[in-house]
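Student: Handing you this structure, nothing more for now.
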Amino acid sequence: MARIELKDVTMVYGGKGTAVAALEDINLDIGEGEFVTLIGPSGCGKSTIIDLIAGLKFPTNGSVLVNGKIIRSPGPDRGVVFQDYSLFPWMTVLDNIRFVLRNKNGNANSAAKYLDMVGLSGFAKNYPATLSGGMRQRVAIARLFAMNPVAFLMDEPFGALDALNRIYLQNLLLHLWSRERKTVVFVTHDVDEALLLSDRIVVMTPSPGRIKEIVEVGFPRPRCRTTLISDSGYTGMRANLLNLLQEEMLESLSRQSSFVPEGAHE
């Protein structure tokens, strides 16, 4: 498991005259085995935080640490699942899993174990192009668990899926995560998804991205979707999150345009 720290992190893109602050003064401490979700309007820097923890980008100021060590490059201790699946199209499903096992004496049997874990044993010889979006993302999740990093970084992994596939994969992720309790940083625009999955929800502001509020999600685990949504505490927490997000959306819109949709303030 991993402890992840962002200390006084600022991220600026561009140079003089074109500089855009994506993140400003981000301080966030994520505990070992914690499931933390980042939520906020587009352009608030959620994906930038994922990239910084992954070592794909580096902060303009401040530092990002995993288990007390400053991140200076990508590494096998941090696994990433993106919205676009990121599978190797020229490899079979099985070979996509074996690829991350190549330095761990991985073989077809061990790779097959992870495919079975996500219910895709019958598709080992298929290529990604022959799979549905939901199935491809299941392969990506299987590959993540096969990689066995200390931290899971998930950037809207279910955002492009239909409602049924999204529900299935949310439940699958919760089930698999509960067995190993990896540290997870998860990005979403979906309040209900955040409440179902998270220990804490980080609400962010746009342009530049700052932390507006951190919401503790105290519902006991394991969580049942139908039981959760009937909880009075869930209803109140959901309303609070939606209000926080609407405040940021309206503020962002007001900076860009004088037009605000009718009823937006309700």
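Counting the sequence shown from 1 gives a position; our numbering is that position plus 1151.
Where is the CB? At the ideal position from N, CA and C, for every residue including glycine.
Owing to the predicted nature of the structure, the values given are computational and were not obtained by experimental measurement.
1) Excluding the five sequence neighbours on either side, which residues of its own chain have a C-beta within less than 8 angstroms of the C-beta of residue 1168, listed in chain order?
2) In chain order, which beta strand (DSSP E) runs of at least 3 residues are fully inside the region 1177 to 1210?
3) What are the start and end residues of the beta strand (DSSP E) that includes residue 1361?
4) Answer yes or no: do residue 1176 and residue 1161 have a C-beta to C-beta separation smaller than 8 angstroms?
5) How should residue 1193 be labelled, buried or exposed, when 16 other C-beta atoms within 10 angstroms of its C-beta is the threshold for buried?
6) Which residue from 1369, 1282, 1238, 1285 puts its Cα closest to that of residue 1294?
7) Suppose the cutoff is 7 angstroms on Cβ atoms and the five residues either side in sequence are ignored; what does the same chain contact list for residue 1248 look like?
8) Buried or exposed for residue 1388, please, with buried defined as at least 16 other CB atoms from any protein chain shown within 10 angstroms of its CB.
9) Taking DSSP as the reference, what is the three-state secondary structure of residue 1222?
10) Starting from the Cα of residue 1335, find the closest Cα among 1213, 1190, 1229 and give me that residue.
11) Run the CB neighbour count on residue 1382, radius 10 Å, all protein chains shown included, and call it buried at 16 or more, exposed below.
12) Please report the Cβ distance between residue 1368 and residue 1350, rounded to the nearest whole angstrom; I am assuming they are in contact, meaning their Cβ atoms lie under 8 angstroms.
13) For residue 1197, collect the residues of the same chain with a Cβ closer than 7 angstroms to its Cβ; drop the 5 residues on either side in sequence, then sort them by chain order.
14) Does the distance from the C-beta atom of residue 1234 to that of residue 1306 stay below 8 angstroms?
Tutor: Reading off the structure:
1) none
2) 1186 to 1190
3) 1361 to 1367
4) yes
5) exposed
6) 1238
7) 1262, 1265, 1266, 1293, 1294, 1297
8) buried
9) coil
10) 1229
11) exposed
12) 6 angstroms
13) 1189, 1191, 1338, 1355
14) yes
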